[in-house]
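The listed protein sequences derive, respectively, from chains A and B. Plus 92 on top of the position in the first sequence (first one is 1) and you've got the numbering used here. Plus 92 on top of the position in the second sequence (first one is 1) and you've got the numbering used here. Presented below is the structure to which this report refers.
There are 2 protein chains.
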Amino acid sequence: MPEEVLAPSVAVTQKKSFLRAARGEHMRIPPVWLMRQAGRYLPEYLAVRADHDFISVCRTPDLACEVTMQPIRRFDFDAAILFSDILIPAIPLGCGLRFDSGHGPVIERPVRSRNEVDSLREFDPREELDDVLAAVKLIRRELPDDKALIGFAGAPFTLACYLIEGGKPDPFRNVKRMMYSDPEAFTKLLNKLADFTADYMLAMIDAGADAIQLFDTWGGILTVAEFRALNLPVLQRIVAALNHSVAPTTYFVLNGMHLASVAEIGADVYGLDWRMPIQSAKARFGTQASLQGNLDPVLLLTDETTIRRAARQIINDAEGAGFIFNLGHGILPDTPISSVDILLDEIRSSRA
Amino acid sequence: MPEEVLAPSVAVTQKKSFLRAARGEHMRIPPVWLMRQAGRYLPEYLAVRADHDFISVCRTPDLACEVTMQPIRRFDFDAAILFSDILIPAIPLGCGLRFDSGHGPVIERPVRSRNEVDSLREFDPREELDDVLAAVKLIRRELPDDKALIGFAGAPFTLACYLIEGGKPDPFRNVKRMMYSDPEAFTKLLNKLADFTADYMLAMIDAGADAIQLFDTWGGILTVAEFRALNLPVLQRIVAALNHSVAPTTYFVLNGMHLASVAEIGADVYGLDWRMPIQSAKARFGTQASLQGNLDPVLLLTDETTIRRAARQIINDAEGAGFIFNLGHGILPDTPISSVDILLDEIRSSRA
């Protein structure tokens, strides 16, 4: 980490750079963070996880703060993102959540009927997710003022997929069964999830988050018509609620190239997966919104020349846009540390 | 099955209907077959598999013929598709292939280096896949003249994904590593696969296949630029070779909504996954090509009203186009037989 990055004058620039890029301003050196930047590719993260299970790390403010800070210390990213999981709200909803090693999340009481939707607990995130909010406060204190802090949530459709299937949702049998056979119950579920999500994100902003990202990992399985009918209204509602705050909102949908309607959500930033050429994204979102993305995370498993060339291409393509550099999906567990160093060196190469 | 369907005058219509639709003619009742129509949702298929492993069924003409015929007998589909697997050619290529129950295909000697590409065996499909071709001949004899018979192969990129990863390819670590770090070796691999694929398909046509489908299950992981640079040229080459035959060619890519370039392949029919609205497909492919698809296979797990409504919508949207009804991906193993009956009844409802 070059020393001048820590000097106050430059330091302020990292957070400002992130927020200005999120508000549509093109920054010569794009701000950068990486999805899942706190995680299994870092030995210091694995050291924490050796003693603590995943949910405990999420729900213990000291631990969540520690793992959130790890990639900032190591890589000097421009933004930290709260270490948590989009499924944590399944716990106060009364669905039960555990992570079986190697098998991913398990929702202990899946939500498949209208009765099960009706019996989801209503809860106030400020009370029942106070541990997560305490983590946000703690991180905001620990994090240098010059860095942005991102809070996040799962988009309602994506949360619904996990709650209905009871874990990894692919191929979405029960989701689609409910969506088609009882669209009223399905819509009710999405609205219930949207209700607490807006509150939860506003509480994160109050706790110190500078920006919010909504992860819609599974939104791309929907057809255009389904997306418009079911997903768009609840997303618009959440984003409208957040637009009354000071924090910009990013919407990330995986595999959503067909969903031109995402541009109607009203988000400040659209996260792009690696399949969407930046040029297409510029055409889709125009100057209304900023873009974030979209290096294929698998590229970090290749060689230095490939990483530098691909990163440079993205930066060149983003010329003129409000743009935040990121990956097109989460960083892979077997990513070498040196690849992240190379990537950051390339992105910041004209900073020196 | 209504009796008149088997009467010769109507009978001839089923194959003709399929071939005319594949050549761009709009049929009032669209011809229909379903991807994976021979398979695990059929008790008679499970009965065969109880005594024979998957590869043996593929490589024993009597067994391949029997399971190919099963869905024709039960549902009177307009086309039969050879029972085989896109990975069978891995055997004469020298890579080794087995299917571990519950874990999918295993390529015993993955192809990850330039040397491994160079040492792939060259083979003549007419000699070393003669058992598959014998199955095609046998099926063509057993199948009523009124039905079309479809032969198929994996598209080179999709085959390469399996060969490189050694099995289920997601998340394509080694594929992309090779693609980016040694594009020359990667291109050589695709070309080697394209070489035998064209020969193999022409041999299937000689053996009695009336049409060919290329399955590009993984083509949609590519960016537009990658698709154009790597995949499009080999696909064009195969399709050009097949265009000299009498059999129409269908290209199916999963999750390829972003790949407008597929229209340049030159196929007669484009198979659509369930995400692509028929209206968008009409805009993309114009009157140059026919369309095939695209009911979401998960819909067959819902209720009668939902299945009928969705099928009717697709048929209405396809008005005016050369169109073959199919699913948007393979039929799911837990599909009720009754759902297929309902679907066919809806598609053919104005036949009576």
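C-beta atoms are modelled at their ideal positions from N, C-alpha and C, and glycine is treated no differently. Given the structure is predicted, the values throughout are model-derived calculations rather than measurements.
Delimiting residues of the alpha helix (DSSP H) encompassing residue i
i	result
A:L281	275 to 299
A:D79	Look at the range of chain A in this structure, 93 to 444, and you will see that residue 79 of chain A is not part of it.
A:N408	396 to 409
B:V432	429 to 439
B:D143	135 to 143
B:L111	100 to 114
A:S148	146 to 151
B:R128	It is not in any alpha helix (DSSP H) - B:R128 carries neither H nor E in the DSSP assignment.
B:L393	Unbroken run through B:L393: none, as it is neither H nor E.
B:I423	Taken as a continuous stretch (DSSP letters only), B:I423 belongs to no alpha helix (DSSP H), as it is neither H nor E.
B:C326	The question names Cys, but residue 326 of chain B is Val in the sequence shown. Where B:V326 is concerned, the enclosing alpha helix (DSSP H) stretches over 324 to 334.
B:I183	182 to 185
Chain-order list of residues whose beta-carbon lies under 8 Å from that of residue i (same chain, five-residue window excluded)
i	result
A:G186	R201, S211, L212, R213
B:A99	With a pLDDT of 45 at B:A99, under the threshold of 50, the modelled position of this residue cannot be trusted; read the value that follows with caution. Nothing meets the Cβ criterion.
B:D426	Y133, L393
B:D423	The sequence as given places Ile at residue 423 of chain B; Asp does not occur at that position. Taken in chain order, the residues that qualify are L126, M127, R128, Q129, G131, Y133, P389, L392, V432.
B:E411	H118
B:F377	A355, Y362, L383
A:S353	V316, F319, R320, L324
Contact belief for residue i with residue j at Cβ below 8 Å, rounded distance in angstroms
i	j	result
A:D177	A:C150	6 Å
A:Q79	A:T250	An answer regarding residue 79 of chain A cannot be provided, because it is not within the stretch 93 to 444 covered by chain A.
A:V159	A:A113	So it is not a contact: roughly 25 Å between Cβ atoms.
B:L419	B:L126	5 Å
B:A247	B:D287	Actually they do not touch by this definition, with Cβ atoms about 13 Å apart.
B:L436	B:V124	7 Å
B:P153	B:L230	5 Å
B:G363	B:G311	About 11 Å separates the two Cβ atoms, so there is no contact after all.
B:R115	B:G358	At roughly 14 Å, the Cβ-Cβ gap does not stay under 8 Å, so B:R115 and B:G358 are not in contact.
B:I199	B:G188	7 Å
A:V326	A:N283	6 Å
A:D302	A:L111	7 Å
B:H421	B:D360	Wrong, their Cβ atoms sit about 21 Å apart, outside the cutoff.
A:M161	A:L235	7 Å
Cβ neighbours of residue i in the same chain (closer than 7 Å, five flanking residues each side left out)
i	result
A:K280	V209
A:A245	I178, T289, Y292, M293, L306
A:H350	V316
A:Y254	L179, P197, I199, P261
A:P461	Only positions 93 to 444 of chain A appear in this structure, which leaves residue 461 of chain A out of reach.
Limits of the unbroken beta strand (DSSP E) element including residue i
i	result
A:D192	189 to 192
A:L383	382 to 387
A:A245	240 to 246
A:Y343	341 to 345
B:F417	415 to 419
B:L225	That residue, B:L225, is in no beta strand (DSSP E); its alpha helix (DSSP H) goes 222 to 234.
A:L314	Here A:L314 belongs to no beta strand (DSSP E), and DSSP marks it neither H nor E.
B:D308	303 to 308
B:I357	From DSSP, B:I357 is part of no beta strand (DSSP E); its letter is neither H nor E.
A:I370	Unbroken run through A:I370 is the alpha helix (DSSP H), 370 to 377; no beta strand (DSSP E).
B:I199	196 to 199
A:I173	171 to 173
Sequence-distant residues of its chain with Cβ nearer than 6 Å to residue i (five each side left out)
i	result
A:P428	none
B:M296	V228, G243
B:R232	L241, G300
A:N266	R204, I256, E257
B:F417	P122, V124, I439
Got a sec: which bits of the segment 291 to 325 of chain B sit with their beta carbon under 9 Å from any beta carbon on chain A, in order along the chain? G312, I313, L314, T315, V316, A317
Using 8 Å as the Cβ pair cut-off and three pairs as the minimum, do the segment 333 to 341 of chain A and the segment 255 to 262 of chain A touch? no
Contacting positions in the segment 401 to 423 of chain B - beta carbon closer than 8 Å to chain A: A402
Counting Cβ pairs closer than 8 Å, one from the segment 386 to 396 of chain A and one from the segment 270 to 278 of chain B, do we hit at least three? yes
Give a yes or no on contact between the segment 315 to 330 of chain B and the segment 366 to 378 of chain A, applying the rule of three or more CB pairs nearer than 8 Å. yes
Given a limit of 7 Å on CB to CB distance, which residues of the segment 263 to 276 of chain A reach chain B? P263, F264, R265, K268, R269, Y272, S273
Which residues, in chain order, does the segment 381 to 394 of chain B contribute to contact with chain A at a C-beta distance below 9 Å? The segment 381 to 394 of chain B vs chain A, Cβ under 9 Å: D388, P389, V390, L391, L393, T394.
So does the segment 229 to 240 of chain A actually touch the segment 162 to 180 of chain A, counting three or more Cβ pairs closer than 8 Å? yes
Quick check: the segment 396 to 407 of chain A against the segment 133 to 151 of chain A, are at least 3 beta-carbon pairs closer than 8 Å? no
Closer than 8 Å, Cβ to any Cβ of chain A: which residues of the segment 343 to 369 of chain B, in chain order? N347, M349, H350, W366, R367, M368, P369
Taking a Cβ distance cut-off of 7 Å, strictly less, list which residues of the segment 135 to 158 of chain A are near chain B, in chain order. Answer set for the segment 135 to 158 of chain A: empty.
At a CB distance below 9 Å, what residues from the segment 424 to 435 of chain B approach chain A? Give them in sequence order. L424, D426
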